[in-house]
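In the numbering used here, the protein residues as written are 18 to 77.
We put the CB at the ideal spot given by N, CA and C, even for glycine.
Written out below as structure tokens is the structure these notes cover.
Structure (structure tokens):
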């Protein structure tokens, strides 16, 4: 879970830092930059379509 913030909502930098640490902690193979064209629900997963790729990244 993202650590709480003092007042209101987390800042952009707080969220970016959290996601970078999450990516490192779980050794995720995040590809950048990728422009996503669509996300659709398929049985047991989500399908992500981009300009040159498409993925069904896992169960949700």
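Spell out the partners DSSP gives residue 52 in its beta bridges. The partner list for residue 52 (beta bridge, DSSP) is empty, contrary to what the question assumes.
According to DSSP, is residue 77 part of a helix, a strand, or is it coil? The predicted model places residue 77 with a pLDDT of 44, which falls under 50 and marks its position as unreliable; any figure quoted below should be read in that light. Three-state result, residue 77: coil.
With a Cβ-Cβ cutoff of 8 Å, do residue 67 and residue 53 count as a contact? Cβ distance < 8 Å, so residue 67 and residue 53 count as in contact.
Under three-state DSSP, which class holds residue 40? helix
Name the DSSP beta bridge partners of residue 69, please? According to DSSP, which records beta bridges pairwise, residue 69 is partnered with nothing at all.
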